[in-house]
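Okay, so here's the structure we're looking at.
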Amino acid sequence: MSERVGIIGTGHLAGYLVEGLRRAAPEMEIVLSPRNAAKAAELASRFGARVARRNQEVVDSANVVLLTTRPAQAIGALGEITLRPGQLIISAAATVRLQELEPAAAPAAVVRALPLSCAAINASPTLLYPDHERARSLLERLGDVHNLASEEAFVRAGVITAFYGWVYALLDETARWTEEGGVPREAARSIVLETVRGAASLGLARQEEELCDLLEALATPGGITRQGLAILRDRGGLSAWIDALDAVYARLRQWRPE
Ligand SMILES: NC(=O)c1ccc[n+]([C@@H]2O[C@H](COP(=O)([O-])OP(=O)(O)OC[C@H]3O[C@@H](n4cnc5c(N)ncnc54)[C@H](OP(=O)(O)O)[C@@H]3O)[C@@H](O)[C@H]2O)c1
Numbered sequence: 000m001s002e003r004v005g006i007i008g009t010g011h012l013a014g015y016l017v018e019g020l021r022r023a024a025p026e027m028e029i030v031l032s033p034r035n036a037a038k039a040a041e042l043a044s045r046f047g048a049r050v051a052r053r054n055q056e057v058v059d060s061a062n063v064v065l066l067t068t069r070p071a072q073a074i075g076a077l078g079e080i081t082l083r084p085g086q087l088i089i090s091a092a093a094t095v096r097l098q099e100l101e102p103a104a105a106p107a108a109v110v111r112a113l114p115l116s117c118a119a120i121n122a123s124p125t126l127l128y129p130d131h132e133r134a135r136s137l138l139e140r141l142g143d144v145h146n147l148a149s150e151e152a153f154v155r156a157g158v159i160t161a162f163y164g165w166v167y168a169l170l171d172e173t174a175r176w177t178e179e180g181g182v183p184r185e186a187a188r189s190i191v192l193e194t195v196r197g198a199a200s201l202g203l204a205r206q207e208e209e210l211c212d213l214l215e216a217l218a219t220p221g222g223i224t225r226q227g228l229a230i231l232r233d234r235g236g237l238s239a240w241i242d243a244l245d246a247v248y249a250r251l252r253q254w255r256p257e
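Next up, the structure:
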C-alpha cells in the first residue's frame with residue numbers, strides 16, 4: 000500500500016515533520032490541514048505536500064494521520080473529523096493522555112509520539128507509546144524511535160523534549176561568550192556545536208561507560224574542567240537543571256483536559 004500521510008495542525012512541528020518525511024520518502028503523499036493557510040502553502044510549495052480543503056479531506060486521503068495541534072486543541076480537532084476502522088492517529092500533543100485521545104479517535108487506533116525539530120534532518124529521537132508497527136515505521140524515517148513500556152515512562156521521558164530546547168540556551172550562551180572574547184562568530188558557533196556533537200557521539204559509541212565516568216576521566220584534579228564544574232555545582236547550576244526537569248514533569252503528570 001502506498002504511504003499516504005495526513006497532518007492535522009499545520010504549524011511549527013508539522014513543518015519539521017514534512018521536511019523530514021519528504022527528505023526520507025520522495026514518493027510519499029502528504030496532505031495538510033488548511034488552517035494556517037500561509038504555512039500550508041509554504042510547505043506545499045517547498046516539499047510537494049497537498050493542502051486539503053478541510054480536515055475531513057485530510058483524513059479521507061490518508062491511512063496515517065499525524066495530529067500536531069497544540070495540546071488544548073487536540074480533542075477538538077478530533078471531534079471535527081470522522082475516522083475509519085484501520086486508520087491510525089499519531090498524536091504529538093505533548094500533554095494529552097490516551098484516555099482522552101482514544102474515545103475521540105475511535106474507531107481509529109491512536110498512539111502518542113514526541114518527535115523533535117531535528118526530525119527535519121531525520122535526526123530526531125522520537126518517543127512512542129504504545130508500540131504500533133505502522134507508527135514505528137513512519138517515525139523511523141525521522142530518526143531513532145524509542146518505544147516506552149508504559150504511558151508513565153513516556154511522560155517521564157517526554158520531559159527531555161523540553162531539555163532539548165534548554166540545550167540551545169546553553170549553546171547560545173557559550174557561543175556568545177566565546178565570540179565576545181574575539182573569536183569570530185562562525186568559528187565560535189562551530190566549535191561549540193561540534194564539541195557537543197563530539198560529547199554525544201562518544202557517549203553513544205561507549206555504551207558500556209556511564210556518563211559520569213566519561214566526565215570523571217576529564218575532570219583531573221587541579222584541571223580546568225574540575226575548576227568550572229565546582230563553580231557550576233556550588234552555584235546551583237546543575238541542581239537548577241534538575242529543578243527545571245522536576246517542574247516540567249510535575250506539569251506533564253498533572254495535566255487534565257480543560
Ligand atoms: N514545536 C515542536 O518542536 C514540538 C515538539 C514536540 C511536540 N510538539 C507538540 O506539537 C504540537 C504542535 O506544536 P507547534 O509548536 O507545532 O504548535 P503550532 O505552531 O501552534 O501549530 C499548531 C497548528 O495547529 C492548528 N490547529 C489548531 N486547531 C486545529 C484544527 N482543529 N484543525 C486544523 N488545525 C488546527 C493551529 O492553528 P491556530 O494557530 O489557528 O490555532 C496551528 O497552526 C503541540 O501539541 C506540542 O506539544 C511540538
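The sequence shown begins at 0 in numbering that gives the first Met the number 0 and counts up by one.
Heads up, the beta-carbon is just placed ideally off N, CA and C, and yes, glycines get one too.
In this text, all values refer to a predicted model and were calculated from it rather than measured experimentally.
- Ligand 1 has a heavy atom closer than 7 Å to the beta-carbon of PRO70.
- Nearest neighbour of PHE162 by Cα position, chosen from VAL50, ASP130, LEU244 and GLY85, turns out to be LEU244.
- The criterion of a C-beta distance shorter than 8 Å is not satisfied by PRO70 and ALA39.
- For ALA76, the distance from the CB to the nearest heavy atom of ligand 1 is below 7 Å.
- Our two residues, ILE7 and ALA118, have alpha carbons roughly 17 Å apart in a direct line.
- Going by C-alpha positions, GLY235 is about 42 Å away from ALA23.
- A distance below 8 Å separates the beta carbons of LEU141 and LEU16.
- LEU126 carries a strand assignment under DSSP once its states are collapsed to helix, strand and coil.
- In the same chain as ALA91, and ignoring 5 residues on each side of it, the C-beta atoms closer than 7 Å to its own belong to LEU12, LEU65, LEU66, THR67, ALA112, LEU113 and PRO114, in chain order.
- Per DSSP, reduced to three states, the secondary structure at ARG205 is coil, with no helix or strand assignment.
- If you look at SER90, you'll find it in the beta strand (DSSP E) that goes 87-90.
- Nearest neighbour of LEU147 by Cα position, chosen from ARG83, LEU137 and ASP130, turns out to be ASP130.
- A check of alpha carbon separations from VAL109 across ILE120, ASN121 and ARG96 identifies ARG96 as the nearest.
- Annotation for ALA108 indicates a beta carbon at 7 Å or more from all heavy atoms of ligand 1.
- Burial is judged here by how many other beta carbons sit within 10 angstroms of a residue's own beta carbon; ILE120 has fewer than 16 and is exposed.
- A straight-line Cα-Cα distance of about 13 Å links ILE159 and ASP242.
- Among the bridge pairs identified by DSSP, ARG3 is matched with GLU28.
- Below 8 Å, too few C-beta pairs join the region 203-210 and the region 181-195 to call them touching: fewer than three.
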